[in-house]
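First the structure, in the form of structure tokens, and then the observations on it.
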Amino acid sequence: MSKNNDKKLKIGIYELTGCAGDGLLILDCEMELVDIFQAADIQSFLMAKSDNIDGELDIALVEGSVSTEREIEELKDIRKRAQVVVAFGLCATHGGIQARFSEEEWQKNLKEVYGDIEMSHTKAVHSKPIDEYIDVDLYLPGCPVSKDQFLNFLVRALGGSPPEVYPNPVCVTCKYNENDCLLLKGIPCLGPLTADGCGAICPNHNVPCYGCWGPAEGANFTSEFYLLQEKGFDMEAIKKRMANYSGTKLQEFFEKFKKESQ
Amino acid sequence: MKTISIDHLARVEGNGGIHATIDGKVVTDVKFTINEGPRLIEKLALGRTPDEDVSMSPRICAICTCSHKNSVLRAFENAMDIKITPKAYLLREMMHMGEFIESHSLHTFYLALPDFLGYPNAIAMAADYAFEVQIALEMKHYGNHIMKVTNGRYIHGENAIIGGFGKWPSREEMIFIKDRALQFMPFVQKTVDLFCGLEYPNSPNAETNYMCCEPGSGKFGFWGDEILISTGETVPRDDYKSVTNEFVVSHSFAKHSLYQDKPFTVGALARIVNLGDRLEGQAGEMYKKYFNETWKTNPFYHNPSRTLEIMYAFERIPGLVDEFLKLEDPASVVDYEVKDGKGTGLVEAPRGLLIHHHEVQDGVVSYVDIITPTAQNTEDIERYCHVAAQ
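Quick note, the sequences are listed as chains A and B, same order. For the first sequence, the working numbering gives the first residue as 1, with consecutive numbering after it. For the second sequence, the working numbering gives the first residue as 1, with consecutive numbering after it.
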């Protein structure tokens with residue numbers, strides 16, 4: 001099992017602004033953790049270890065949104081050092097819940113929360129996903145990412161393959177699981193619009209999907225929105241729900257949809 | 001005048017640094033910076049429905065997501081006069097136990113212990129302490145398992161909802177949780193002995209005020225409707241602002257708090273100082289055996305305090321399962337109407353008192369105020385670092 005460290009993939013795990021849930025999920029692989037640390041050379045993982053090295057990397061996993069000027073610099077430095085940069089978790093892929101404000105709303109809210117005080121250690125910037133600042137090679141969405149998704153990614157990466165993609169919306173897995181459809185009961189569930197990978201956890205518990213993996217790439221949003229409208233759902237309410245976890249990535253769609261539906 | 005800076009603190013949950021300014025032989029200033037950017041979470045839910053708020057607010061913190069969930073749920077249920085069933089109440093408590101076991105075992109074994117034994121991380125300790133590392137990982141896994149069974153997944157589960165739960169766990173799942181708790185007890189005893197027996201540095205040594213929830217009925221516990229201060233005062237939940245007095249400082253996106261112009265401490269040590277004499281069973285015996293006056297003035301004793309709470313949680317779980325299974329299966333969620341109101345929910349997160357205040361107007365969220373344990377501890381963290389640096 002233990003290979004020479006020179007031959008192992010050098011991996012760095014970095015946290016920008018967020019809840020640290022994606023890094024924590026790695027530590028939550030309790031039964032696999034010793035193997036993970038043996039199979040890969042974990043160069044940097046601030047939450048887990050103190051002997052961190054900021055050198056050349058094969059893979060950088062970056063979680064969190066970019067929310068300060070200091071983070072922009074950190075991110076650019078990571079890009080320079082890493083062969084492959086992975087946006088790890090919803091905050092990095094989509095900007096997370098903190099990314100949905102418009103620039104104007106963000107300025108106003110920042111002032112309301114922090115007043116006129118200028119921060120001396122760094123300057124806050126409007127939260128954005130990491131691909132607003134650097135080229136990103138791979139995306140692993142999820143709030144948080146799932147354990148299977150991470151372990152599959154790692155095992156494939158160790159073998160030199162790209163990660164598994166989850167092209168379907170949550171609805172597909174939900175049907176496999178034979179759950180009663182919540183939309184048919186009049187409950188606003190975002191399963192048809194949201195990227196799968198969680199295993200339809202919320203509908204499995206009779207709880208509607210809140211969209212925490214971000215929008216599904218293959219979903220036909222326009223058609224789905226008209227369908228929901230036909231079913232009598234309040235469209236403004238659905239749009240607000242969908243915006244909660246979409247970060248910056250659905251804003252264009254909403255603008256287009258607004259024009260179309262006028 | 002020179003400054004010693006640690007830009008990135010390692011093995012902590014979050015992203016912070018410490019900067020000490022020294023003039024000759026005197027430490028003139030210590031600043032604890034929070035490097036993460038602002039997320040404006042209190043603004044995110046405005047105009048959204050209460051259930052969206054319940055989904056989003058716990059995203060503040062992955063490690064204490066269940067504490068945020070219980071706190072925001074208590075706030076909304078207070079705001080809208082919703083009374084959950086006794087069965088749901090027990091399951092919410094079970095969820096909290098899972099989080100304490102997971103978070104405390106992570107903190108003590110993974111984050112803190114390597115420093116005391118001289119290793120860069122917990123995995124490196126495995127070479128010399130294979131058994132301890134293995135069982136500690138299993139203990140953490142068990143805490144996560146409880147959160148998955150009760151709240152749907154390890155991090156940011158959604159099964160706990162306003163009015164109760166989306167779905168009850170099965171009888172088999174609950175019995176498994178009970179059986180595992182009993183199996184873990186010998187290792188839990190070892191954990192307490194290990195951390196209570198470690199030699200901690202004498203410095204920093206300074207008095208402070210400790211705050212936590214008053215669980216009521218003379219019991220130990222992780223939530224309540226009053227704040228208990230080590231001076232003996234209690235403050236009702238709706239007057240929480242008189243205790244915390246949050247304010248903004250220019251070197252941290254986490255706010256700071258002062259009580260009567262003085263810093264205070266929340267967290268495991270605060271709970272053990274304020275409530276430790278209420279511990280029963282084996283945890284009560286361990287408290288009598290190990291707790292002494294030195295704990296009260298030295299933040300290093302947060303770690304042994306955490307292990308006493310791990311023991312409390314393990315001893316509480318079998319009874320919780322028995323009580324839960326004795327009750328009939330009512331609907332997992334009570335019917336309620338969204339109505340206008342204001343509510344505060346107090347809980348103890350693993351790192352201390354957590355306050356959620358949420359208001360509803362015209363069916364949507366109109367105001368949110370969340371006071372995290374870190375925003376209460378920041379002043380004391382700086383003060384204790386100052387004493388230690390000197």
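Here a beta-carbon is modelled for each residue, glycine too, at the ideal position from N, C-alpha and C.
- B:H19 sits in a strand when the DSSP states are folded into three classes.
- A direct Cα-to-Cα measurement between B:G152 and B:L353 gives close to 24 Å.
- Under a 10 Å Cβ-count criterion, B:M147 is classified as buried, with 16 or more other Cβ atoms of the shown protein chains found around its own Cβ.
- Taking 8 Å as the cut-off, the Cβ atoms of B:F247 and B:T208 do not count as close.
- Distance from the Cα of B:V334 is smallest, within the candidate group B:K190, B:T344, B:Y89, for B:Y89.
- A Cβ-Cβ separation of about 7 Å places A:L140 in contact with A:A87 under the 8 Å criterion.
- Non-local beta-carbon contacts of A:C181 in its own chain, meaning distances under 6 Å to residues more than five positions away in sequence, are absent.
- Contacts with chain A at 8 Å (Cβ-Cβ) include B:E138.
- Scanning chain A for C-beta atoms nearer than 9 Å to the C-beta of B:G352 yields nothing, as the closest lies near 17 Å away.
- In the three-state reduction of the DSSP assignment, A:A60 falls in the strand class.
- Around the C-beta of A:D22, 16 or more other C-beta atoms lie within 10 Å, and the residue is accordingly described as buried.
- Residues are counted here when their Cβ sits less than 8 Å from a Cβ of chain B; for the segment 114–127 of chain A these are Y114, G115, I117, E118, M119, S120, H121, T122, A124, V125, S127, given in chain order.
- By the criterion of at least three beta-carbon pairs nearer than 8 Å, the segment 175–185 of chain B is in contact with the segment 310–319 of chain B.
- According to the DSSP assignment, B:L353 belongs to the beta strand (DSSP E) that extends over 352–361.
- Distances from the alpha-carbon of B:F291 to those of B:T85, B:V192, B:L9, B:M95 put B:V192 closest.
- Apart from the 5 residues on each side of it in sequence, B:Q134 has no Cβ closer than 6 Å to any other Cβ in its chain.
- Identification of residues in the segment 152–186 of chain B having a C-beta nearer than 8 Å to some C-beta of chain A yields G152, R153, Y154, I155, H156, G157, E158, N159, I161, F165, G166, K167, given in sequence order.
- Counted as a single uninterrupted DSSP element, the beta strand (DSSP E) harbouring A:A124 occupies residues 124–128.
- One thing to note: A:K147 has its Cβ within 8 Å of the Cβ of A:L25.
- Along the segment 49–76 of chain B, the positions whose C-beta sits under 9 Å from a C-beta of chain A are T49, D51, E52, S55, M56, P58, R59, I60, C61, A62, I63, T65, read in chain order.
- The alpha-carbon of B:S5 is positioned some 10 Å away from that of B:T33.
- Here A:Y14 is bridged, per DSSP, to A:V62.
- By the criterion of a C-beta distance shorter than 7 Å, B:Y154 is surrounded in its chain by N144, M147, K148, once the five residues flanking it on both sides are discounted.
- Under the DSSP definition of a beta bridge, B:N209 partners with B:F264.
- Contact annotation, B:W223 with B:L346: C-beta distance approximately 6 Å; criterion of less than 8 Å satisfied.
- Using beta-carbon distances, B:P373 does not count as an interface residue toward chain A, since no partner is under 8 Å.
- Between the segment 9–16 of chain A and the segment 57–72 of chain A there are three or more inter-stretch CB-CB distances shorter than 8 Å, so the stretches are counted as touching.
- Close CB contacts of B:I161 within its chain, under the 8 Å cut and outside five residues either way in sequence, are with D51, V54, L73, V333 (chain order).
- Pairwise C-beta distances place the segment 160–170 of chain A out of contact with the segment 105–112 of chain A, as fewer than three of them are shorter than 8 Å.
- Rounded to whole angstroms, A:V145 and A:G247 show a C-alpha spacing of 16 Å.
- Judged by DSSP secondary structure, B:F253 falls outside any alpha helix (DSSP H); it is assigned neither H nor E.
- An exposed status is given to B:A130, since fewer than 16 other beta-carbon atoms sit within 10 Å of its beta-carbon.
- Residue pairing from DSSP leaves B:I63 without any beta-bridge partner.
- Excluding the 5 residues flanking it on each side, B:A349 has same chain C-beta neighbours closer than 6 Å at C64, S67, P373, in chain order.
- Comparing alpha carbon positions, the residue from B:Q390, B:F324, B:K342 closest to B:I82 is B:K342.
- A:G96 and B:K25 have their alpha carbons spaced roughly 46 Å apart.
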